[in-house]
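Peer 1: Below is one structure. I have some questions about it.
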Amino acid sequence: MKSRADLFAFLDAQAIAHFTLDHAPLFRVEEGLEIKAALPGGHTKNLFLKDAKGQLWLISALGETVIDLKRLHTVIGSSRLSFGAEALMVETLGVRPGSVTALGLINDTDHRVRFVLDAALAQADPVNFHPLGNDATTALSQDGFRRFLAALGVEPMIVDFTAMTVV
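Residue numbers (this note's numbering): 80 to 246.
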């Protein structure tokens, strides 16, 4: 599994500018309001899910986005969704609960996780994610984030959670 240092080295190798603010660990979206005030852009919530057929999903959305998990499967074309087990999260993304992040896709070398990106987050610039641990927040430009995904071979499914449609 790649570490925070490995992640930053990867971003540097891809010429993706990034800024990281270290802070006390945050476990819920509602925490760290002072940190969010200090970092402009879209702050995220990230959900690691598994559907009834075993497909893994990572949802990244703006922190204030409401996600209807009971209906989401009909929008993204999956079977019923539930939260993925910690062991699967560690195995595929290299993170633990409270640290789920789209930047963890760097560890999904087998592309087992399908990535869903909130349409509102796809418009935010910059975007802020935990860098594989919940004791820091890393900011990337939207372009840099998209280049990160492209370098990993990840094509996000963009969903408008307000309209519950794929964009």
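Note that CB positions come from ideal geometry on N, CA and C, so glycine has one too.
My output table needs one value for residue 105: the three-state DSSP class, helix, strand or coil.
Peer 2: DSSP places residue 105 in coil when its eight states are reduced to three.
Peer 1: What does a CB cutoff of less than 6 Å around residue 246 pick up in its chain, not counting 5 residues either side in sequence?
Peer 2: Cβ within range, chain order: 198, 237 and 239.
Peer 1: Where do the N-terminal and C-terminal ends of the beta strand (DSSP E) with residue 193 fall, by residue?
Peer 2: 192-197 is the span of the beta strand (DSSP E), which, as asked, contains residue 193.
Peer 1: How should residue 189 be labelled, buried or exposed, when 16 other C-beta atoms within 10 angstroms of its C-beta is the threshold for buried?
Peer 2: Its Cβ having fewer than 16 others within 10 Å, residue 189 is exposed.
Peer 1: Given a cut-off of 9 Å on the beta-carbon distance, is the pair residue 126 and residue 179 in contact?
Peer 2: Going by C-beta atoms, residue 126 is nearer than 9 Å to residue 179.
Peer 1: Keeping to the same chain, check which residues put their C-beta closer than 7 Å to that of residue 30; ignore five residues upstream and five downstream.
Peer 2: The structure shown does not extend to residue 30, since the chain is modelled only from 80 through 246, so no value can be given for it.
Peer 1: Output the distance between the C-alpha atoms of residue 227 and residue 149, rounded to the nearest integer angstrom.
Peer 2: Distance between the alpha carbons of residue 227 and residue 149: 30 Å.
Peer 1: Should residue 211 and residue 182 be called a contact, given that it needs their Cβ atoms to be closer than 9 Å?
Peer 2: For residue 211 and residue 182, yes; Cβs fall inside 9 Å.
Peer 1: Find the nearest neighbour of residue 209 within the set 111, 93, 92 and 91, judged by alpha-carbon distance.
Peer 2: Out of 111, 93, 92 and 91, 111 has the C-alpha closest to the C-alpha of residue 209.
Peer 1: What does the Cβ neighbour count give for residue 215, buried or exposed, with the cut at 16 atoms within 10 Å?
Peer 2: Buried, since its Cβ has 16 or more Cβ neighbours within 10 Å.
Peer 1: Looking only at its chain, what residues have a beta carbon closer than 8 Å to the beta carbon of residue 99, apart from the 5 residues adjacent to it on each side?
Peer 2: 87, 210, 215, 216, 217 and 218, listed in sequence order.
Peer 1: Under a Cβ-count criterion, where at least 16 other Cβ atoms within 10 Å of its own Cβ denotes burial, should residue 235 be classed as buried or exposed?
Peer 2: It is buried - the Cβ of residue 235 has at least 16 other Cβ atoms within 10 Å.
Peer 1: Got a sec, what are the start and stop residues for the beta strand (DSSP E) residue 246 sits in?
Peer 2: Note, residue 246: premise wrong, no beta strand (DSSP E); not H, not E.
Peer 1: Using alpha carbons as the reference points, say which of 224, 156 and 166 lies closest to residue 95.
Peer 2: Closest by alpha carbon: 224.
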